[in-house]
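S.K.: Once you've had a glance at the structure underneath, I'll fire off some questions.
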Amino acid sequence: MKRPVKLIIKGVDVLPYVFAVLIIGGYIVLLLAKKGFIHVKRIELLAAVCCGFFLLAIINYFKRIHPPKGISFDALKSTADIRTPNFRYKNSTNSGNTITYIKFYFSEDTAYLYMRSLLKIYEGPISIKSKDSESFHITNFTRINDYEIRFGIESFNGITSYNVLMVNLSEKDLNLLKENFGKMGYELK
Numbered sequence: 000m001k002r003p004v005k006l007i008i009k010g011v012d013v014l015p016y017v018f019a020v021l022i023i024g025g026y027i028v029l030l031l032a033k034k035g036f037i038h039v040k041r042i043e044l045l046a047a048v049c050c051g052f053f054l055l056a057i058i059n060y061f062k063r064i065h066p067p068k069g070i071s072f073d074a075l076k077s078t079a080d081i082r083t084p085n086f087r088y089k090n091s092t093n094s095g096n097t098i099t100y101i102k103f104y105f106s107e108d109t110a111y112l113y114m115r116s117l118l119k120i121y122e123g124p125i126s127i128k129s130k131d132s133e134s135f136h137i138t139n140f141t142r143i144n145d146y147e148i149r150f151g152i153e154s155f156n157g158i159t160s161y162n163v164l165m166v167n168l169s170e171k172d173l174n175l176l177k178e179n180f181g182k183m184g185y186e187l188k
């Protein structure tokens, strides 16, 4: 998945450079105003605008799904964003984000799970492999009705686990999940 906002000039995405110039330029103007070299009536407003450009750059970066090294998402099958009103996880650290959607990318023997908040800030990937691998594996893959599935994964050592209720599944996503997890040895119950 590409970054959602782009500014392309001659085939190059220049938006990160525009943000960098705006942030650095604003910082220089703030420093010059503070030292008294230039007169700015509303320095607080200028500081807020510079902070806004900085936050836009950061948010635009995190809205991007970062593929694992050596993996191109263009060649992989993926689900749409799947709604998750019920998301629980057990871990030693808490990211503090509220997960509202998950998305899967499938290669031949691996499923990559991405989680995102309502603001489209993505976390992941979590690599899910077959039952006998030393990676994350599926602990629960149960159909509740035609449009809902309970899904659970756990790390090999059992320290980290995620349990989620997937709702409003499309027929295409349901078939994609069944087919690809079936190849890895997991069956929808």
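Numbering that gives the first Met the number 0 applies: residue 0 is where the sequence shown begins, and numbers increase by one. Glycine residues also receive a C-beta, built at the ideal position from the N, C-alpha and C atoms.
(1) Counting only the same chain and skipping the five closest in sequence on each side, list residues whose C-beta sits under 6 Å from that of S129.
(2) Since E153 contacts T138 with CB under 8 Å, what's their CB separation in whole angstroms?
(3) Would you identify the three-state DSSP class for K9, choosing helix, strand or coil?
(4) Can you tell me which of the three DSSP states I57 falls into?
(5) With a 10 Å radius around its C-beta and 16 neighbouring C-beta atoms as the bar for buried, classify C50 as buried or exposed.
(6) Apart from the five residues on each side of it in sequence, which residues of its chain come closer than 8 Å, Cβ to Cβ, to R82?
(7) Does S160 come out as helix, strand or coil in the three-state DSSP assignment?
(8) Give the list of continuous beta strand (DSSP E) stretches no shorter than 3 residues that lie fully inside the segment 108-163.
M.R.: So, from the data block:
(1) Around S129: M183, G184.
(2) By a beta-carbon distance limit of 8 Å, E153 contacts T138. Their separation comes to about 5 Å.
(3) Three-state DSSP puts K9 in coil, outside helix and strand.
(4) Correct three-state label for I57: helix.
(5) Exposed: under 16 other Cβ atoms inside 10 Å.
(6) Excluding residues within five positions, the ones whose Cβ falls inside 8 Å are T99, Y100, M165, V166, N167.
(7) The three-state reading of DSSP puts S160 in strand, counting E and B together.
(8) The qualifying runs are 110-115, 121-127, 136-144, 147-153.
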